[in-house]
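Accompanying notes for the structure given below.
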Amino acid sequence: MNYVKKIIELLEEEYKVFEKVLNLSNEKTKYVVENNLSGLIELSNQEKKEAETISKLERERLEILDALSKEKNIAIANLNDLAFIATPNEWQKINDLKVKLSEIIFKLKKANDLNAFLVSSALEYIDFMTNVISSYFSDNTTYQKDGQTGPQKKNLFDVKL
-13 MNYVKKIIEL LEEEYKVFEK VLNLSNEKTK YVVENNLSGL IELSNQEKKE
37 AETISKLERE RLEILDALSK EKNIAIANLN DLAFIATPNE WQKINDLKVK
87 LSEIIFKLKK ANDLNAFLVS SALEYIDFMT NVISSYFSDN TTYQKDGQTG
137 PQKKNLFDVK L
């Protein structure tokens, strides 16, 4: 079995999965802006499945590196260690895939940071509006003509003409 070719295939497959996750994250941004909770839940479930696929591919890649290490009787801990085993063409493909994976992971991080910021802003707005509304309905009482206390009528906005 050609372990290096199998690793290249796994890296290509992993890149495709990361592309799907990036597309899901970009779509998630749209759903956050639209306040589409059911769409967000659906996309999050899809992302979870893709993350499981990435984990499976990573485990498989590590198993192949371990098997290759045993076969060649040298320590192979990461992709850089394949430089001594792979052909120049295979090594070029591995390097190209490493660059592509780094780029897509960077884009994914930016998309996730944007989504986190949007969700945080939405939560701050909800918190603010909850405080405004709850203060409007708080129990401030005033004395009535007969000496009894009664609720004070409040306006949501203090408008003076």
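Just so we're aligned: 14 in the working numbering is position 28 of the sequence shown, and the numbers increase by one with no gaps anywhere.
Note that beta-carbon positions come from the ideal geometry of N, C-alpha and C, so glycine has one too.
- In this structure, DSSP gives A69 a helical state, which the three-state scheme calls helix.
- When the alpha-carbon of L23 is set against those of L68, M115 and V105, the nearest one is in V105.
- Where N9 is concerned, the enclosing alpha helix (DSSP H) starts and stops at Y(-11) to E20.
- Exclusion of the five residues before and after A108 leaves V18 and N21 as the residues of its chain whose Cβ lies within less than 8 angstroms of its Cβ.
- Ranked by Cα distance from N(-12), the options L8, E33 and A72 are led by A72.
- The straight-line gap separating the alpha-carbon atoms of L48 and N9 is approximately 27 angstroms.
- Here I27 is exposed. Its C-beta has fewer than 16 other C-beta atoms within 10 Å.
- The closest CA to that of L43, considering only I62, K2 and F92, is found on K2.
- With a 10 Å radius around the Cβ and a threshold of 16 neighbouring Cβ atoms, I119 comes out exposed.
- Closest by C-alpha distance to K95, out of P74, I(-7), E(-2) and V7, is V7.
- One alpha carbon belongs to E110, the other to E13, and they sit about 22 angstroms apart.
- Taking the Cα positions, I(-7) is about 55 angstroms away from N117.
- Boundaries of the alpha helix (DSSP H) around A53: L23 to K58.
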